[in-house]
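A.B. asks: Sharing a structure here in structure tokens format.
Residue numbers (UniProt numbering): 1 to 218.
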């Protein structure tokens, strides 16, 4: 992170460093197994189940949620406002077989100077071990490179989650380094692997490993 730019805003970017991505447009992306779409009120039961699942929280490196009326109100407000965000893209993952919410995919930490974003994914218990995460990741990454014009997408995955790492590798992410002792757990410290995919990496993937996007934008 450039601390001076972060604190003071930095100088105006030259034309070749300006990058405008339309994050306000929230697409619907349809695959064979899943649909990525904006969140709906009916999703909240599935979201709550996922957030209260100890294994989901462990795999994402999150603290267990203390659930009360205030926490529920905050979570509802959070998901109700995802469609208003101009600097990130949060989409629900719907299982095409059932029409149910099974997870979410997110592009956040938008860096316009470098046309870069962070990627994260969360799946509830009902969406795991069926290939839904792999397809959802490919759809979101394909949209990011084809429609948002991103250059780089990065993520961190904890070393106790090899299943997630395999999903990312199938989508074209490559390991770039290790953050040692990045997370403290009850069993000690855990490393995290930094992974990323560049636009050129994505374009070089075989057709069967990437999603070509055909949605409302054409």
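Yeah, the Cβ is synthetic: ideal placement off N, Cα and C, and Gly gets one too.
So, is residue 180 buried or exposed, given that buried needs 16 or more other C-beta atoms within 10 angstroms?
C.D. replies: Burial call: exposed.
A.B. asks: Would residue 115 pass as a contact of residue 166 if the rule is Cβ separation under 9 Å?
C.D. replies: Contact flag unset, no.
A.B. asks: What did DSSP end up calling residue 53 once you bin it into helix, strand or coil?
C.D. replies: Of the three classes helix, strand and coil, the one that applies to residue 53 here is coil, per DSSP.
A.B. asks: What are the boundary residues of the beta strand (DSSP E) that residue 184 is part of?
C.D. replies: Where residue 184 is concerned, the enclosing beta strand (DSSP E) stretches over 174 to 185.
A.B. asks: Among 58, 48 and 30, which one has its Cα closest to the Cα of residue 187?
C.D. replies: Per the Cα distances, 58.
A.B. asks: Leaving out the 5 sequence neighbours to the left and right, which residues in its chain are closer than 8 Å to residue 86 when beta-carbon positions are compared?
C.D. replies: Excluding residues within five positions, the ones whose Cβ falls inside 8 Å are 23 and 24.
A.B. asks: Which full runs of the beta strand (DSSP E) of 3+ residues lie inside the segment 122 to 160, going along the chain?
C.D. replies: Runs of the beta strand (DSSP E) inside the segment 122 to 160: 152 to 158.
A.B. asks: I'd like to confirm the pairing. Which residues does DSSP put opposite residue 58 in its beta bridges?
C.D. replies: Partner(s): none; residue 58 has no beta bridge.
A.B. asks: Check whether the segment 196 to 212 touches the segment 170 to 178, taking contact to mean three or more Cβ pairs, one atom from each stretch, closer than 8 Å.
C.D. replies: Yes, the segment 196 to 212 touches the segment 170 to 178.
A.B. asks: Which of the three DSSP states is assigned to residue 47 in this structure?
C.D. replies: It is helical.
A.B. asks: Taking the straight line between their C-alpha atoms, what separation do you get for residue 231 and residue 61?
C.D. replies: The displayed coordinates of the chain run from 1 to 218. Any statement about residue 231 would go beyond what the structure contains.
A.B. asks: Using CA coordinates, which residue listed in 67, 144, 68 and 49 is at the minimum distance from residue 90?
C.D. replies: The option with the nearest alpha carbon to residue 90 is 144.
A.B. asks: Please confirm whether residue 201 and residue 158 have their CB atoms less than 9 Å apart.
C.D. replies: Not closer than 9 Å, so no.
A.B. asks: For residue 40, which of helix, strand or coil comes out of DSSP?
C.D. replies: Here residue 40 sits in coil by DSSP.
A.B. asks: Among the candidates 142, 123 and 141, whose CA atom is the shortest distance from the CA of residue 133?
C.D. replies: The option with the nearest alpha carbon to residue 133 is 123.
A.B. asks: Could you tell me how far apart the beta carbons of residue 47 and residue 142 are, in whole angstroms, since I believe they sit closer than 8 Å?
C.D. replies: The Cβ separation is near 24 Å, so there is no contact.
A.B. asks: If you compare alpha carbons, which of 76, 108, 29 and 121 is closest to residue 96?
C.D. replies: The shortest C-alpha separation from residue 96 is found at 29.
A.B. asks: Out of curiosity, what's the CA-to-CA distance linking residue 68 and residue 130?
C.D. replies: Taking the straight line from one Cα to the other gives about 32 Å.
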